[in-house]
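Structure record follows, encoded as structure tokens.
Protein chains in written order, with my numbering: chain D, 619 to 1188; chain U, 15 to 162.
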């Protein structure tokens, strides 16, 4: 299995659901991960480019044949994001999965399939898995966003060196994607929502593979056993693996002491300031929900995490003075305005005191809290038949495309560009104009090459046809000659009376023999080249036989002539 | 023209996980050309036969269908004496979501259920319609003669 060629069957059979996910994230046409996923009205999904190419020729869905057209296509943004992220993490996930399966396959199967998650051994794998998931940004659209945030914070509490990176990652995620997907799930949850969250967001895919120490309990148990306050940390502990044996220890419910662990700071979903998550409810109930400013925490969370180098000092200072020190840097929009502008679940968020602090990163998405997917302007298709060369050239010029070549080439070039450009409009991670132009250059080259090979093939075919024609002509000629020789030999053989005529024909026989020899040579040469080797073999055998017969005849004639010569002498 | 990833993938899958009764091997010098062997389905007049086919993926594949042809002589109303196959998915019902595997499975299914109402070999279809038992017997004879 090369890295380049991927297939759902790459996944081990133990993880049938991963196979399923993989196959569902593939375009039925190109069998690759969906690129710029679009959905037809029959709800089948394809790469935008693939389905556009198909709809150029046909007007039905390749999967169910329901009539459709490009105008029925709708972008499937969530699916596209999932496919993109799955593509990003696929090889790593697969590698780790295989590694983790190796020892398991070697050891005797002590654990049933249900206890698989507990039977994982390697702590390193646990860590790797964790990092990978965080850095790979597993599809935030699919309820994994909260997980990322959780991971970020739990990671930080474990490893202060890593904290900044992870926090910034989480924040990045929220910056360019909307956190609203996340919000819905947090609303559904009860006071134990964190525990549920982890269970849910890890889902059937990842959960079964998250390595855990044998003494770690399941997420639900943990979150149930621990007090609501340190919930966030404890619920994410299992994800983090065995290193968290002291569950719940890193957190306290005292805001002051939390400050020394900046990782436990989260953004308030309403005001956006950084607050200790254990303090969230107090903060919300006493200040934000009463529309009052919390004098203890005045620094926007975003500012805190962007000033990574000074972060500790900042926290200490802030915690000590309890006063704002970052008025100068308070350039971020306040979260009140964010929540009011955020469509969807956000308005509810402001009224909900049960908001999970770990999730509130998302409300602090900065200036663009919701990733919007504007519909870019697509290039309309042209009816090439009504355009003349000049008009077409002008159209190409307008698009910044080369204008050389005949009308057919220009037409193909325009169609190709329209396809890839419009497909690019459907992508959630669109390519730049320069990349598109590069793709066009590649297309241009391959088209040229294609034409060259086609031309060569055409020429070869023509040559072959010519040869065949020549061959036919030669065969005809041979047949004529054969008839001629047959005519010659028939009267020539039996009697002496015809000796004169046969001697006359002797010369022509020589010529004939030469011609036959040439014919044999050419025939055998062509027999190699052409498929009709059998026929030619027969032909050659035939011709050889005749030559043999001719030779015999000649010797006979020579003898006769010699006899004749001796006769008059005698 | 470079070989599209999809073709490489399909070739790999056909080799690694062949469908029962079907084998397809790509030619080394032309990866778009496949030697195919389909065994006659049980309960059909072609049972026990081993049928050779050729399959070619045109330049436009998967936007246009593969070309498939029987090389072994077969007595079938939808397959003519040149081995050409009358199968809708090889013609107007082609879809790029189909693939080599599905095409060959369809061909295999065609062996199990000849359709004399949509004939390609008229004489065979006629025979099949007039006297199915006799036609099946002929098909069995041909299978024994040419495909075993």
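By construction, the Cβ of each residue, glycine as well, lies at the ideal position given by its N, Cα and C atoms.
All of these numbers come straight from a predicted model, not from anything done at the bench.
State buried or exposed for residue 40 of chain U, treating a residue as buried only when at least 16 other CB atoms are found within 10 Å of its CB. For the purposes of this step, residue 40 of chain U is taken as residue 26 along the second chain, with counting starting at 1. Result: buried.
Same chain only: Cβ atoms within 8 angstroms of residue 712 of chain D, ignoring 5 sequence neighbours per side: For the purposes of this step, residue 712 of chain D is taken as the residue at position 94 of the first chain. Here the set comprises 628 and 629.
In the region 649–666 of chain D, which residues sit with their C-beta less than 8 angstroms from some C-beta in chain U, listed in chain order? 649 and 650
Give a yes or no on whether the minimum CB-CB distance between residue 685 of chain D and chain U is below 8 angstroms. By one-based count along the first chain, residue 685 of chain D stands at place 67. Chain U contact via Cβ: absent.
So residue 665 of chain D is in the beta strand (DSSP E); what residue range does that whole segment cover? Taking the first chain and counting its residues from 1, the one referred to as residue 665 of chain D is at position 47. Looking at the DSSP string, the run of the beta strand (DSSP E) that includes residue 665 of chain D is 663–665.
Contact list for residue 26 of chain U against chain D, beta-carbon separation under 8 angstroms: Residue mapping note: residue 26 of chain U aligns to position 12 of the second chain, counting from 1. Result: 623 and 625.
Spell out whether any CB of chain D is found under 8 angstroms from the CB atom of residue 80 of chain U. The residue you call residue 80 of chain U lines up with position 66 of the second chain. So, not an interface residue.
Please report the Cβ distance between residue 918 of chain D and residue 890 of chain D, rounded to the nearest whole angstrom; I am assuming they are in contact, meaning their Cβ atoms lie under 8 angstroms. The residue you call residue 918 of chain D lines up with position 300 of the first chain. The residue you call residue 890 of chain D lines up with position 272 of the first chain. Going by Cβ atoms, the distance from residue 918 of chain D to residue 890 of chain D rounds to 5 angstroms, so yes, they are a contact pair.
With 16 other CB atoms within 10 Å as the buried threshold, where does residue 76 of chain U fall? The residue given as residue 76 of chain U occupies position 62 in the second chain. Result: buried.
Looking only at its chain, what residues have a beta carbon closer than 7 angstroms to the beta carbon of residue 94 of chain U, apart from the 5 residues adjacent to it on each side? Stepping through the second chain from its first residue, residue 94 of chain U is reached at position 80. Hits under 7 angstroms: 134 and 135.
If we ignore side chains and look at the alpha-carbon of each, how far apart do residue 80 of chain U and residue 704 of chain D end up? By 1-based counting over the second chain, the position of residue 80 of chain U is 66. By 1-based counting over the first chain, the position of residue 704 of chain D is 86. Cα to Cα, residue 80 of chain U sits roughly 31 angstroms from residue 704 of chain D.
Run through DSSP, which three-state label would residue 41 of chain U get? Within the second chain, residue 41 of chain U is the residue found at index 27, counting from 1. Of the three classes helix, strand and coil, the one that applies to residue 41 of chain U here is coil, per DSSP.
How big is the Cα-Cα spacing for residue 104 of chain U and residue 717 of chain D? In the second chain, the residue the question calls residue 104 of chain U occupies position 90. In the first chain, the residue the question calls residue 717 of chain D occupies position 99. C-alpha separation (whole angstroms): 43 angstroms.
What residues from chain U crowd round residue 672 of chain D, counting only those whose CB sits closer than 7 angstroms? For this step, residue 672 of chain D is matched to residue 54 along the first chain. Under the 7 angstroms cutoff, chain U gives 77 and 110.
Count the other C-beta atoms from every protein chain shown that fall within 10 angstroms of the C-beta of residue 666 of chain D, then say buried if there are 16 or more, exposed otherwise. In the first chain, counting from the first residue as 1, residue 666 of chain D sits at position 48. Label assigned to residue 666 of chain D: buried.
Where does residue 631 of chain D sit, in a helix, a strand or coil, going by DSSP? Residue 631 of chain D sits at position 13 when you count from the first residue of the first chain. DSSP places residue 631 of chain D in helix when its eight states are reduced to three.
Where does residue 31 of chain U fall in DSSP's three states? The residue you call residue 31 of chain U lines up with position 17 of the second chain. Looking at residue 31 of chain U - three-state DSSP - the assignment turns out to be coil, as it is neither helix nor strand.
Assign residue 1028 of chain D to buried or exposed, taking buried as 16 or more other Cβ atoms, counted over all protein chains shown, within 10 Å of its Cβ. Counted from its first residue, the first chain places residue 1028 of chain D at position 410. Per the 10 Å Cβ criterion, buried.
Taking just the CA atoms, how far does residue 657 of chain D sit from residue 668 of chain D? Along the first chain, read from residue 1 onward, the residue named residue 668 of chain D stands at position 50. Along the first chain, read from residue 1 onward, the residue named residue 657 of chain D stands at position 39. Their backbone Cα atoms lie some 12 angstroms apart in a straight line.
With a threshold of 7 angstroms, establish whether the CB of residue 649 of chain D neighbours any heavy atom of the ligand NAD. Of ligands this structure carries none, so the ligand NAD is not represented either.
Selection of the region 144–159 of chain U by Cβ proximity to chain D, strictly under 7 angstroms: none
Under 8 angstroms, CB to CB, which of the residues in the region 1035–1053 of chain D have a partner in chain U? none
How long is the line joining the alpha carbons of residue 1002 of chain D and residue 684 of chain D, rounded to whole angstroms? Counting from 1 along the first chain, the entry for residue 1002 of chain D is found at position 384. Counting from 1 along the first chain, the entry for residue 684 of chain D is found at position 66. Taking the straight line from one Cα to the other gives about 27 angstroms.
Could you say if the region 672–688 of chain D and the region 147–154 of chain U meet the contact criterion of at least three C-beta pairs nearer than 8 angstroms? no
In this structure, does DSSP put residue 658 of chain D in helix, strand or coil? Numbered from its first residue, the first chain carries residue 658 of chain D at position 40. Of the three classes helix, strand and coil, the one that applies to residue 658 of chain D here is coil, per DSSP.
Residues of the region 44–78 of chain U whose Cβ lies closer than 7 angstroms to any Cβ of chain D, in chain order: 76 and 77
With burial defined as no fewer than 16 other Cβ atoms inside 10 Å of the residue's Cβ, what is the status of residue 1069 of chain D: buried or exposed? Here residue 1069 of chain D refers to the residue found at position 451 of the first chain. Exposed, since its Cβ has fewer than 16 Cβ neighbours within 10 Å.
Beta-carbon proximity list for residue 971 of chain D, same chain, < 7 angstroms, skipping 5 on both sides: The residue you call residue 971 of chain D lines up with position 353 of the first chain. Residue placement at residue 971 of chain D is poorly supported in this model, since its pLDDT is 39, which falls under 50; the coordinates are not used for a value here.
Simplified DSSP assignment, three categories, for residue 80 of chain U: Numbered from 1 along the second chain, position 66 holds the residue referred to as residue 80 of chain U. DSSP places residue 80 of chain U in coil when its eight states are reduced to three.
Mind checking if residue 681 of chain D is an interface residue toward chain U, Cβ cutoff 8 angstroms exclusive? Residue numbering aside, residue 681 of chain D sits at position 63 when the first chain is read from its first letter. Yes, residue 681 of chain D counts as interfacial toward chain U.
Measuring only the C-alpha atoms, how far is residue 1023 of chain D from residue 155 of chain U? The residue you call residue 1023 of chain D lines up with position 405 of the first chain. The residue you call residue 155 of chain U lines up with position 141 of the second chain. Residue 1023 of chain D and residue 155 of chain U: Cα-Cα distance of roughly 59 angstroms.
Going by DSSP, which residues form a beta bridge with residue 70 of chain U? One-based indexing of the second chain puts residue 70 of chain U at position 56. According to DSSP, residue 70 of chain U bridges with U/47 and U/81.
Among D/1019, D/1088, D/1049 and D/671, the one whose alpha carbon lies nearest that of residue 1062 of chain D: The residue given as residue 1062 of chain D occupies position 444 in the first chain. Nearest option by C-alpha distance: D/1019.
From residue 61 of chain U to residue 159 of chain U, what does the alpha carbon distance come to, in whole angstroms? Here the question's residue 61 of chain U lines up with position 47 in the second chain. Here the question's residue 159 of chain U lines up with position 145 in the second chain. Using only the alpha carbons, I get a separation of about 13 angstroms.
Figure out for me which residue from D/1043, D/1165 and D/1060 has the closest Cα to the Cα of residue 1099 of chain D. Residue 1099 of chain D sits at position 481 when you count from the first residue of the first chain. Ranking the options by Cα distance to residue 1099 of chain D, first place goes to D/1165.
Using 8 angstroms as the limit for Cβ to Cβ distance, is residue 22 of chain U near chain D? For the purposes of this step, residue 22 of chain U is taken as residue 8 along the second chain, with counting starting at 1. Residue 22 of chain U counts as touching chain D.
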